[in-house]
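Visitor:
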Amino acid sequence: MDYRRYRVNPRSKGPLLGYLIDALDLCGCRVIHASPPDEAPFRVTFDAPDGERMGIIAYAFYANQEVTKNRPDDEHRFQVKYGSKDGERHVLWQDPDEPYTTLFVGINPERGFFVAADPVLHNPTRFFISIEFKDENVQKLLEDGWLAWERASRSKGLDQPVEVLIGATPGQFLRYVRFERAAKGLSTGHRALLADKFGMLPQAHPDRGAGTETHTLASELDLDQNEILDLIQSAPRLKMAVRGWVAEVHLERLLRGLPEVSACERIEEDGQPDLRVRIGAGPPLTIECKNVLRRSRSDGTARVDFQRTRASKSDPCSRFYRPTDFEILAACLHPCTEQWQFRFIPTRRLDAHKHCAGRLSNRVVLDDRWTSDPLE
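In the numbering used here, the protein residues as written are 966 to 1341.
This is the structure:
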């Protein structure tokens, strides 16, 4: 398997591998093979209780609550590091054939929990970085066994993407592996929604097979079988961002149903807006479709996941959109409402970024500037 391996101290890192193996055993899995404890990331192959052969590639680190100067006393963290601090960007390997699921986790063997970040959002990553979370998150996940929450960024200056962390106890580990497999490449809002759905699975059956979960997701999409198959065939990256694509389909369906819309097409090109529409004989207008985040503000106002997850090395501001990138922003409310509803705003009415000239702010909320009527 073609992924970068790092030499690690087996006495230091061995307990992390032991935790993963013990968690799988607790979930009723039979471990077939495990990589040696002096080699990271850890690779484990196993049979699930339903007989499915599965595997994980685990970038695993210790999570702790060590007191750190100038940091809150209630803060936990896991530090992402293998080897020396070289300043390079390290790839978190993803299996193109998908028998193996990549995990990016902090483990606390003593207190018996793990906290996982999105391996796609963090790919590539630098060594060393720190993933922080609060003691209240730990207390809640230990009480409930499964918890998803938004992580507040520590970064100064440019805003970083909102991130959803998953925390769980060892008995939920197989559930988490199946979640990460299904969540690969999802937007932040839908990653949070999917985590909530997985957390609602009955505790008596924490390790249901993928078939049950897949059926639940398919029902949420509100498309018939032929439409789903057509989407999979026509969109190679559908599996990487299933709900994002389905949001575009529902938006296209909404716009095509308006008699004033004379043309509507999806733009199948990376780096381009999602749809192109024409009102009567007017000029073509481009629309970018974004999901809202799962968690609203304290006043109930929805927030939009409005930035690219990666910036170029030479230009950190490239993460943020330009006002000329598209004419209209459409926000899909599904992560909050679980309904395929949309709100719209002209790009020219969005706020400018405070630090990046010529870019739009990523702090977007659905205030009174938005409308549910796309023609307006």
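Just so it is clear, CB atoms sit at the ideal spot from N, CA and C, and this is done for glycine as well. Just so you know, these numbers come straight off a predicted model, no measurement behind them.
Can you pull the DSSP bridge partners for Y1024?
Guide: Counted from its first residue, the sequence shown places residue 1024 at position 59. Answer is F1069, bridged to Y1024.
Visitor: Who are the near neighbours of R1287 in its chain, counting only those whose CB is closer than 8 Å to its CB and skipping five residues on each side?
Guide: One-based indexing of the sequence shown puts residue 1287 at position 322. Excluding sequence neighbours, R1287 sits near G1323, R1324 and L1325.
Visitor: What are the boundary residues of the beta strand (DSSP E) that V1112 is part of?
Guide: The residue labelled residue 1112 in the question sits at position 147 within the sequence shown. Residue 1112 is actually Leu in this sequence, not Val. Per DSSP, L1112 belongs to the beta strand (DSSP E) from W1111 to R1116.
Visitor: Taking contact to mean 3 or more Cβ pairs, one atom from each stretch, closer than 8 Å, check whether the segment 1252-1271 and the segment 1130-1139 are in contact.
Guide: no
Visitor: Have a look at H1318 and R1262 and give me their C-alpha separation to the nearest angstrom.
Guide: Taking the first residue of the sequence shown as position 1, residue 1318 is located at position 353. Taking the first residue of the sequence shown as position 1, residue 1262 is located at position 297. Cα to Cα, H1318 sits roughly 20 Å from R1262.
Visitor: Name the one or two DSSP bridge partners that Q1044 has.
Guide: On the sequence shown, position 79 is the one that residue 1044 refers to. For Q1044, which the question treats as bridged, DSSP gives the partners S1095.
Visitor: Relative to the C-alpha of S1152, which residue among V1085, T1336, W1114 and R995 is closest?
Guide: Reading the sequence shown from its first residue, position 187 is the one you call residue 1152. That would be V1085, whose Cα lies nearest to the Cα of S1152.
Visitor: Scan the segment 1221-1258 and note each continuous beta strand (DSSP E) run of 3 residues or more that stays entirely inside, going in chain order.
Guide: 1226-1231, 1240-1244 and 1249-1256
Visitor: Kindly identify the DSSP beta-bridge partner or partners of P1311.
Guide: Working through the sequence shown from its first residue, we reach residue 1311 at position 346. I1293, per the DSSP bridge assignment.
Visitor: Taking its Cβ as the centre, do 16 or more other Cβ atoms sit within 10 Å of H998, making it buried, or is it exposed?
Guide: The sequence position of residue 998 within the sequence shown is 33, counting from 1. Its Cβ having fewer than 16 others within 10 Å, H998 is exposed.
Visitor: Just to confirm, is the Cβ distance from F1093 to V1045 under 8 Å?
Guide: Within the sequence shown, residue 1093 is the residue found at index 128, counting from 1. Within the sequence shown, residue 1045 is the residue found at index 80, counting from 1. For F1093 and V1045, yes; Cβs fall inside 8 Å.
Visitor: Using beta-carbon positions only, say whether L1158 and P1300 come within less than 8 Å of one another.
Guide: Here residue 1158 is taken as the residue at index 193 of the sequence shown, counted from 1. Here residue 1300 is taken as the residue at index 335 of the sequence shown, counted from 1. For L1158 and P1300, yes; Cβs fall inside 8 Å.
Visitor: Quick one: Cα of P1079 to Cα of N1035, how far?
Guide: Sequence index remark: in the sequence shown, residue 1079 carries index 114 (1-based). Sequence index remark: in the sequence shown, residue 1035 carries index 70 (1-based). One detail in the question is off: residue 1079 reads as Phe in this sequence, not Pro. Computed Cα separation, rounded: 25 Å.
Visitor: Do the CB positions of M966 and V1142 come within less than 8 Å of each other?
Guide: Residue 966 sits at position 1 when you count from the first residue of the sequence shown. Residue 1142 sits at position 177 when you count from the first residue of the sequence shown. Against a cut-off of 8 Å, the Cβ pair of V1142 and M966 comes out as no contact.
Visitor: So, at 6 Å on beta carbons, what are the nonlocal neighbours of A1295 in its own chain, with the 5 sequence-adjacent residues on each side left out?
Guide: Here residue 1295 refers to the residue found at position 330 when the sequence shown is read from its first residue. Excluding residues within five positions, the ones whose Cβ falls inside 6 Å are L1216, I1252, C1254, F1307 and F1309.
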